[in-house]
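What follows is a set of notes on a single structure, which appears directly below.
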Amino acid sequence: MATAERGELLSKIRHSMAHIMAEAVLQMFPSAQIAIGPAIENGFYYDFELPRQLVNDDLAEITERMQAIIAQDLVFERTVVSREEARKLFSDQVYKLELLEGIEEDEEVSLYSVGAFIDLCRGPHVETTRELRNVGFQLMSIAGAYWRGKETNPMLTRIYGTAWENRKELRLYLERLADIEKRDHRRLGKELDLFSLHEEAGPGLVYWHPKGARIRQQIEDFWREEHYKSGYEMIYTPHVGRSSLWEKSGHLGFYEEGMYPPMEMDKSDYYIKPMNCPFHIMIYKNSLHSYRELPFRWAELGTVYRYEKAGALHGLLRVRGFTQDDAHLFVTPEQMNDEILEVLRFSLSMLRAFGFEEINAYLSTKPEQAVGEDERWDAAIEALRKAIETEGLPYEVDEGGGAFYGPKIDLKIKDAIGREWQLSTVQFDFNMPERFDLTFVDRDGQEKRPYMIHRALLGSLERFFGVLIEHYGGAFPPWLAPVQAKVIPVGENFFPYAKELEARLRKAGLRVEADLSDDRMNAKIRNANKEKIPYILIIGEREAESDQVSVRYRGGKQANGVATDAFIAEVLEKVAKKEQL
RNA sequence: GCCAAAAUAGCUCAGGGGUAGAGCGGCUCACUCGUAAUGAGCAGGUCAAGGGUUCAAUUCCCUUUUUUGGCUCCA
């Protein structure tokens with residue numbers, strides 16, 4: 006079946022399941038108010054206002070009732086009615102009445118009924134519930150959701166379900182969920198001892214353990230190296246600044262609720278930085294600049310703190326303190342096109358080094374509320390678009406989706422199991438240069454306004470680390486692995502040789518540990534596997550005598566009798582090429 | 001911030017109005033072993049914090065904190 010056709014079928018099935026679930030819920034709670042119930046990715050949901058809270062046991066009853074409804078071979082019947090009739094029909098359903106008001110005058114009002122359940126609905130649906138007999142479905146969770154997604158509206162009870170053409174597909178989907186759970190960076194972070202968060206010390210603040218720090222160090226080293234190669238300079242800026250700076254930058258006007266509260270000192274308020282830009286601007290403003298000096302490309306692994314809403318925090322992916330791999334470019338109008346293209350290329354090569362091959366771009370254009378002249382916006386958007394097209398990236402345009410201060414490109418990568426994550430962002434800023442009155446002296450002797458570009462390639466190190474953990478499922482390639490090789494002696498007699506080998510490999514530049522615990526060899530192998538170490542080196546009499554190692558690769562493949570120097574060379578090459586095992 | 005659920009040993013979890021239990025992990029001892037768990041013993045808990053009900057609270061109730069799943073937000 007063609008993908009589009011299959012998608013349509015699934016969507017019909019899911020939408021129909023939503024109606025059947027609503028009927029089941031109405032059977033249980035005749036006074037329930039029903040809101041909306043669409044098909045979504047992997048399933049469906051329906052929103053209700055119920056006389057009491059739902060508990061997980063209710064899902065079992067709803068499921069049974071749904072099965073009973075399906076078994077009745079009911080027909081999904083579509084009828085078109087007048088507004089009057091619809092109003093009468095839904096007179097006790099406030100949300101349906103509100104939806105009715107939203108239907109355009111020239112549009113027909115259609116209803117779908119299945120058994121006793123009638124819903125205001127555009128459709129389409131399956132013909133009869135007979136078609137749903139083989140459907141594999143499962144109610145997944147109960148959640149709160151605002152009516153029409155607005156924070157000021159009442160909170161409804163949403164029931165999520167998943168539904169597939171048949172039970173086998175459902176099983177595959179549930180297996181996929183189990184795989185996602187196994188890759189969860191919060192779980193792997195604990196299992197592999199990479200990082201932690203502490204209630205005692207504050208939510209959303211990340212502690213990098215030695216093994217996590219090793220990985221971060223590799224990422225940072227690589228990042229710096231590549232930046233110097235690409236013509237960037239590193240800068241360092243403070244973590245706090247006076248309120249007057251944040252007033253001038255506009256953050257206190259537009260972003261105060263996202264900032265940690267002020268610290269008062271010497272009759273000034275100081276704020277911890279939520280962004281690095283004003284500080285980079287301080288350096289720019291430190292002297293007059295000629296067009297001959299531009300472009301400036303200033304990068305900083307800048308740690309910022311933002312007061313993210315409590316409910317938004319999530320492991321490493323959404324935190325309150327994080328380090329952006331930030332840079333600001335100050336460029337002349339003539340340089341803009343080339344610089345944007347270079348930033349994009351740089352970003353792509355960086356992401357590809359981590360094994361992200363599938364990358365999509367999202368171009369956001371001018372919103373209604375915006376600062377900066379139209380010509381600047383148009384020129385900047387064109388520069389962004391041209392860069393994306395030159396690189397041949399697939400992209401979507403988000404009309405009006407830019408920030409008020411400028412247009413942007415976001416890059417989203419697909420991870421090893423096909424999930425999309427936003428990492429890189431390249432943003433123009435027409436606001437800061439105005440507010441801080443940034444200028445350069447052009448060749449005609451006139452002071453002109455430079456273009457300012459913010460960009461982050463990895464986003465934040467915390468978030469990037471979280472994505473990487475899930476992408477690799479904790480099995481980091483040798484260049485990132487905190488411990489690359491584990492030396493396991495077959496018995497205590499070979500402990501001295503194991504230590505010797507450890508020292509030799511370490512000296513050769515490998516991250517290596519010898520396991521000298523009093524576990525048996527088998528247990529040591531098991532432990533090393535649990536740690537997802539790329540290379541396990543088994544050594545005993547044979548190896549000690551011949552200066553060889555028996556290599557057991559992560560995953561179980563074995564190579565016995567490898568010359569020690571050949572093994573070292575093999576690992577160093579993998580590391581240099583940043584290849585997975 | 002909103003709706004809901006959860007918080008018990010380092011980890012994963014069981015239990016339950018009469019002051020706690022397993023497995024893994026840790027420590028000690030014995031075993032000295034060739035490709036995914038050697039055995040025995042010991043230690044380890046203010047049952048998230050504060051308040052209330054009760055003769056008695058880790059258990060029931062309230063508040064707070066944190067986490068989880070959603071919603072909203074993400075200049």
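Numbering (the working numbering), first residue to last: 6 to 586. The C-beta atom is built at its ideal place from N, Cα and C for all residues, glycine as well.
Requested in this report: Report back the beta-carbon spacing between Leu346 and Pro300 to the nearest angstrom; my notes put them in contact at under 8 Å.
Outcome: So it is not a contact: roughly 13 Å between Cβ atoms.
Query raised in the report: Taking the continuous beta strand (DSSP E) assigned at Asp449, which residues delimit it?
Result: No beta strand (DSSP E) holds Asp449; DSSP gives it neither H nor E.
Query raised in the report: Between which two residues does the beta strand (DSSP E) harbouring Thr8 extend?
Result: Where Thr8 is concerned, there is no enclosing beta strand (DSSP E), although the alpha helix (DSSP H) it sits in stretches over 8-33.
Requested in this report: Give me the Cβ distance between Asn61 and Tyr178, rounded to the nearest whole Å; I'm assuming they're in contact under 8 Å.
Outcome: That belief does not hold up - the Cβ atoms of Asn61 and Tyr178 are roughly 20 Å apart, past 8 Å.
Requested in this report: Closer than 8 Å by C-beta to Met26: which residues in its own chain qualify, once you throw out the five before and the five after it? Chain order, please.
Outcome: Gly42, Phe49, Tyr51, Ile67, Met71, Leu144, Ile164, Gly166
Query - Opposing strand residues paired with Gln72 [DSSP bridges] - result: Answer is none; Gln72 lacks a bridge partner.
Query raised in the report: Are there three or more Cβ pairs, one per stretch, closer than 8 Å when the stretch 180-191 is compared with the stretch 514-532?
Result: no
Requested in this report: Could you name each continuous beta strand (DSSP E) segment of 3 residues or more that falls completely within the stretch 128-181, going from the start of the chain to the end?
Outcome: 141-151, 160-169
**Report entry** Option in Asp124, Gly149, Pro266 with minimal Cα separation from Glu82
**Finding:** Asp124
Query raised in the report: Buried or exposed: which applies to Glu28, given that a residue is buried once 16 or more other Cβ atoms fall within 10 Å of its Cβ?
Result: buried
**Report entry** Neighbourhood of Arg559 by C-beta, 7 Å cutoff - its chain only, sequence neighbours within 5 removed
**Finding:** Ala480, Lys537, Ile538, Pro539, Leu586
Query raised in the report: Going by Cα to Cα distance, which pick from Asn139, Ser115, Val140, Phe122 is closest to Gln129?
Result: According to the sequence provided, residue 129 is Pro. The question's Gln does not apply to it. With distances taken between Cα atoms, Pro129 lies closest to Ser115.
**Report entry** Presumed contact (8 Å Cβ cut-off) between Val431 and Ile458, rounded CB distance
**Finding:** 7 Å
Report task. Indicate the three-state DSSP secondary structure (helix, strand or coil) for Arg302 in the structure shown. Result -> strand
Query raised in the report: Counting pairs of Cβ atoms below 8 Å between the stretch 309-325 and the stretch 463-479, do you hit three or more?
Result: yes
Query raised in the report: From Val556 to Phe53, what does the alpha carbon distance come to, in whole angstroms?
Result: 59 Å
Query - Limits of the unbroken alpha helix (DSSP H) element including Ala385 - result: 379-395
Query raised in the report: Which term fits Tyr212, buried or exposed, when burial requires 16 or more other beta carbons within 10 angstroms of its beta carbon?
Result: exposed
Query raised in the report: From what residue to what residue does the beta strand (DSSP E) around Asp434 run?
Result: 425-434
Query raised in the report: Quick one: complete alpha helix (DSSP H) runs, 4+ long, within the stretch 479-565?
Result: 500-512, 526-535, 546-551
Requested in this report: Would you check if there are 3 or more beta carbon pairs closer than 8 Å linking the stretch 236-248 to the stretch 266-274?
Outcome: yes
Report task. Would you identify the three-state DSSP class for Met287, choosing helix, strand or coil? Result -> helix
Query - Alpha-carbon to alpha-carbon, Pro399 and Lys371 - result: 20 Å
**Report entry** Whole-number beta carbon distance between Ala358 and Lys583, since they are thought to touch under 8 Å
**Finding:** 6 Å
Report task. Note down the Cα distance separating Pro279 from Val309, rounded to an integer number of angstroms. Result -> 5 Å
Query raised in the report: Just curious, the alpha helix (DSSP H) that Ile240 is in, first and last residue?
Result: Element bounds for Ile240: n/a, residue is neither H nor E.
Query raised in the report: How far does the alpha helix (DSSP H) with His203 in it reach, from first residue to last?
Result: Not the alpha helix (DSSP H): His203 falls in the beta strand (DSSP E), residues 200-203.
Report task. State buried or exposed for Met437, treating a residue as buried only when at least 16 other CB atoms are found within 10 Å of its CB. Result -> buried
Query raised in the report: Based on the DSSP output, what are the partners of Met268 in its beta bridges?
Result: Tyr275
**Report entry** His20, buried or exposed, once every other Cβ within 10 Å from all chains shown has been counted against 16
**Finding:** buried
Query - The beta strand (DSSP E) enclosing Tyr587, as first and last residue numbers - result: For the chain, the structure presents residues 6 to 586; residue 587 sits outside this window and is missing.
Query raised in the report: If you draw a straight line from the alpha carbon of Arg325 to that of Pro487, how long is it in whole angstroms?
Result: 25 Å
Query raised in the report: Can you give the Cα-Cα distance for Gly263 and Met33, rounded to whole angstroms?
Result: 43 Å
Requested in this report: Starting from Asp343, follow the alpha helix (DSSP H) in both directions and report where the run begins and ends.
Outcome: 341-358
Query raised in the report: By Cβ distance below 6 Å, which residues in the same chain neighbour Arg381 in space, the five residues on each side in sequence not counted?
Result: Phe435
Report task. May I ask you to report which of helix, strand or coil DSSP gives Arg323? Result -> strand
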